[in-house]
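Everything in the sequence shown is counted per the working numbering, starting at -12 for the first residue and increasing by one.
What follows is a single structure, written as structure tokens, with notes after it.
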Amino acid sequence: MIQNLLEGKRGIIFGALNDKSIAWKVAEKAKQQGAVFTLSNTAAACRMGEVRQLSELTGAELIPADATSVEDLTTVFSRSQEILGGKIDFVLHSIGMSLNVRKKHLYNDLDYNFLDKTLDISAISFHKMLQVAYKLDAIAEWGSVVALTYVAAQRTLFGYNDMADAKALLESIGRSFGYIYGCEKKVRINTISQSPTMTTAGSGVAGFDGLMDFSDRMSPLGNASAEDCANFCVTMFSDLTRKITMQNLFHDGGFSSMGMSERAMSQYNKSFEANDSQK
Ligand SMILES: NC(=O)c1ccc[n+]([C@@H]2O[C@H](COP(=O)([O-])OP(=O)(O)OC[C@H]3O[C@@H](n4cnc5c(N)ncnc54)[C@H](O)[C@@H]3O)[C@@H](O)[C@H]2O)c1
């Protein structure tokens, strides 16, 4: 196994809620690979025992912040540099929330106040994070910033709702800021488009079990797990990937390149045979 890929690196990991969270797995892997980092989540999430448990397990200080608040984010970047003793080498944005999804508003019956919140929490928070870091000059040269996204930004997957719009905006922010931060500070910014994963955020999507099963069967390599995603994030934080920036990187077992599989075609044909025999 590769050892100490993140030796000497300082990071900030946003969005670990419980041991199902992708950010939780990233924190565990980053620790294993020799990184030091801080953890951040909302004040409500930080009050929960589980996040505190991760903080103890990894020796990472927990800094409460609402990722939509520029003031809170300024505190996170300033405090993290003080605690860790220098500029930040990697940042994980692993944050998403839609009240339209939670309250089961369909896409053609959106509540626009909820939509504002979806976009602010799930996408604009990424811009705020980057702008705060940029103004504080908090990220070291060749630093790496990763945000997690989903293929619904490119393709319609019924049930993903206004989160699809948030992910499209998130990916665009990664490219637009990636250009500026790359030219001026050699900081790289990418989004990782992850398979459906059974987490608190994921399981809130309507028909999520079916979506996970469909995408697992449709992907030549099967769905990527949260742990697989953490391994990829750590690789992206390491010096092995220094020239990758402004990319949306699919980490999904091949799902995003599939149209129809042999297995799905045979199942589709069978459904017609079953219907025919009923007539
Ligand atoms: N689970 C999936 O199927 C899947 C697939 C692709 C991408 N993603 C993305 O991965 C990321 C992490 O999600 P997850 O699946 O690990 O679920 P999760 O529920 O464990 O994580 C979501 C996190 O967002 C945090 N959050 C919500 N509002 C916030 C705010 N205002 N300020 C700061 N933090 C806030 C939550 O507290 C939580 O920790 C999200 O961006 C999600 O869209 C998830």
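Even glycine gets a Cβ: it sits at the ideal position worked out from N, Cα and C.
Since the structure is predicted, the reported quantities are computational estimates derived from the model, not experimental observations.
| Check | Outcome |
| --- | --- |
| beta-carbon Q40 near ligand 1 non-hydrogen atom, thresh 7 Å | no |
| S8 beta carbon near ligand 1 (any heavy atom closer than 7 Å) | yes |
| N-terminal and C-terminal residue of the alpha helix (DSSP H) that V133 is part of | Per DSSP, V133 belongs to no alpha helix (DSSP H); it is in the beta strand (DSSP E), I126 to T136. |
| Nearest-angstrom Cα separation, counted from V192 out to A217 | 22 Å |
| F101 to Y94 span [Cα, whole Å] | 12 Å |
| Buried/exposed call for C220, threshold 16 Cβ in 10 Å | buried |
| A61 Cβ short of 7 Å to ligand 1 heavy atom set | Per the sequence presented here, residue 61 reads as Thr, with Ala not at that position. T61: no, Cβ never under 7 Å from ligand 1. |
| For S180: DSSP bridge partner residues | T136 and F237 |
| Cβ shell of V78 (< 6 Å), same chain only, five flanking positions each side left out | I(-1) and V132 |
| At least 3 beta-carbon pairs within less than 8 Å: the stretch 195 to 209 vs the stretch 50 to 69 | no |
| Limits of the unbroken alpha helix (DSSP H) element including H80 | No alpha helix (DSSP H) contains H80, which is instead part of the beta strand (DSSP E) from I75 to H80. |
| Element boundaries [alpha helix (DSSP H), containing G165] | M150 to K172 |
| Range of the contiguous beta strand (DSSP E) that encloses D49 | The question names Asp, yet the displayed sequence has Leu at residue 49. It spans L49 to P51 - the beta strand (DSSP E) in which L49 sits, taken as one unbroken run. |
| Residue environment, E158, which counts as buried when at least 16 other CB atoms sit within 10 Å | buried |
| Straight-line gap, I108 to M84 (C-alpha atoms, nearest Å) | 6 Å |
| Per-residue burial, N177 [other beta carbons within 10 Å of its own, 16 or more giving buried] | buried |
| Under 8 Å between C-beta atoms of I75 and I9 | no |
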